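Going by the numbering used here, 142 is the number at position 131 of the sequence shown; the sequence numbering is gapless. Ideal Cβ positions, reconstructed from N, Cα and C, are used throughout, including at glycine. These numbers were taken from a predicted model, which means no experiment stands behind them. Step one of this worksheet: look at the structure below.
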Amino acid sequence: MGLYPVFLDAGYGPEYFWELSFGEVSDLLESYARRKEHEQKKREAELKDQIMLLFNQALQIGNVVGRLMDNKVAIRLPKEYYPELFGNEEEKTNFTEQEDAGDKRKLSPEMELHKARMDDFIFRHNMAMRERLARERGEENSGRNDTGTAASDHRGTDTGLL
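Rendered as structure tokens:
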């Protein structure tokens, strides 16, 4: 096979072929071959990365399914699968902290505070909706038993969060 068809297959035009010397055509074809080889290696590396990601995902799914079948199986955290990303630093917040004894789940202090804030927001929102509906109906008393306490007191006397 001659240089001309290979030159055309490389994406160059026929006029350009006739303007170049033999050495220049040869250099362009070698450059084209190197680019194609580099693209092939890049595709292979991307494929290997994708295979590894899918394999890790399968391991993680297997770990979670194993936990569903047997409570003694520990769920591995992402830092155990990818230690180079997370390093050896200790986590400052643990949102899924649980007590070792018993089935009672314990939330971290951050999650308890978030939950208390959300409860307070829900309570205030519901009270505002009741008052608005009562005003629309023309009622003087919205049914609210105003005790003079803050909205956040609706859950009881537990003040361990503050």
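If you reduce the DSSP assignment to three classes, tell me which class Leu88 lands in.
coil
Assign Ala21 to one of three DSSP states: helix, strand, or coil.
coil
Span of the alpha helix (DSSP H) holding Gly34?
Phe33 to Met80
CA-CA distance, Lys90 and Met80?
Lys90 and Met80 have their C-alpha atoms some 23 Å from each other.
Rounded to whole angstroms, what is the Cα-Cα separation between Phe18 and His49?
Those two C-alpha atoms are separated by around 19 Å.
Who are the Cβ neighbours of Ala56 in its own chain at under 7 Å, not counting the five residues just before and after it?
Same-chain partners within the cutoff: there are none.
Using alpha carbons as the reference points, say which of Leu14, Gly77 and Glu147 lies closest to Ser37.
Leu14
Do Arg78 and Ala69 count as a contact pair if the criterion is CB distance below 9 Å?
no
In whole angstroms, give me the CA-to-CA distance for Pro120 and Arg46.
56 Å
Can the beta-carbon of Arg87 be found closer than 9 Å to that of Gln71?
yes
Would DSSP call Tyr93 helix, strand or coil?
Of the three classes helix, strand and coil, the one that applies to Tyr93 here is coil, per DSSP.
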